[in-house]
Amino acid sequence: MRKKPLLIRVFKKFFGQEGMTRFQKNLLTGFFVALPTIITLWVISFVIRLVGTPFGEIINNVFANGEMTAGYQLLLGFVIAIVFLASLGYFAKLAFIRTLSNKIEDYIETIPFVNTIYSTIKLLITSIRSNSKSFQSVAVIEYPRKGTYTLAFITQQNFPVTTTKSGKVLKEMMSVFVPTTPNPTSGFFLLVPKKDVEILDISIEEGLKLIVSAGVISPTERTQLTNNDVFV
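With the numbering used here applied, the sequence shown closes on residue 221, and no number is skipped along the way.
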């Protein structure tokens, strides 16, 4: 049988089984507390390297004969990249640039395999950008069966009255979007009677965090259902 690490054996010897158990719980709790910060810093570092490296290398080779330090090159490249992207965003609003951009997109969409990747990424980015604008509020509905509840985003508070071919009139309805976890850009469109929709006192961003994290990242304790007896 493989021995436990020396630190664990020493800790267990001096503090006993109870202290060891407490130490393991604290260690695990500390890990999960620090994890979001670690991931955030890693993502920021990754973005800086991704954007700053090519611009920094160009500036270094063209204007400094390759004599810049790595850190200064990366930082300068990142700053120039931000300015470049902001300028690109400004000029993209101009009619000529929009036309040129559309032509480039049309060309990309004719290239096999590349068009699939490009279309998927574009759809994902567009969906994420539009989510907070298209959703009005967060709610819970009884779905997919009685006694089971799921998170939904309201897209229309008052959906137009609809009459079916059989003559049934659907009124007092809400249209909601039920996203999938962990990818909220896909899901189901449902028409639900207003009486069956319970609005949550949380923001769209908090609702999206719940979906993406599969409920691990919960809203703050102040969050309450507007109707507290919904689960009674």
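We put the beta carbon where it would ideally sit given N, CA and C, even for glycine.
- Query: Grouping DSSP H, G and I as helix and E and B as strand, with all else coil, what is Ala203?
  - Reply: coil
- Per DSSP, which one or two residues make a beta bridge with Ile93? Note: Ile93 sits in no beta bridge, so no partner.
- Task: Note down, in chain order, each residue of its chain lying with its Cβ closer than 7 angstroms to the Cβ of Val167, except the 5 sequence neighbours on either side.
- Result: Correct list, in chain order: Tyr132, Thr139, Ala141, Gly176, Phe177 and Leu179.
- Message: Less than 8 angstroms between the beta carbons of Ile48 and Leu74, yes or no?
- Response: Contact annotation: Ile48 and Leu74 have beta-carbon atoms that are not nearer than 8 angstroms.
- Query: Could you give the C-beta distance for Val165 and Ile200, rounded to a whole number, given that I count them as a contact under 8 angstroms?
  - Reply: Between Val165 and Ile200 the beta-carbon gap is near 13 angstroms, outside 8 angstroms, which marks them as no contact.
- Item | Gln62 burial status per 10 Å Cβ neighbour count (16 or more: buried) | By the 10 Å Cβ count, Gln62 comes out buried.
- Query: Looking at C-alpha atoms only, which residue of Val158, Thr174, Phe35 and Pro182 is the closest neighbour of Asn147?
  - Reply: Pro182
- Can Asn91 and Glu98 be called in contact, C-beta distance under 8 angstroms? no
- Length of the line joining the Cα atoms of Val205 and Ser34: 25 angstroms
- With a threshold of 16 other CB atoms inside 10 Å of the CB of Ser126, please say whether the residue is buried or exposed. buried
- Task: Report buried or exposed for Ile191, applying the criterion of at least 16 other Cβ atoms within 10 angstroms of its Cβ.
- Result: buried
- How many whole angstroms separate the CB atoms of Phe44 and Ala70, which I take to be in contact at a CB cut-off of 8 angstroms? 5 angstroms
- Task: Classify Glu56 as helix, strand or coil using the three-state DSSP reduction.
- Result: coil
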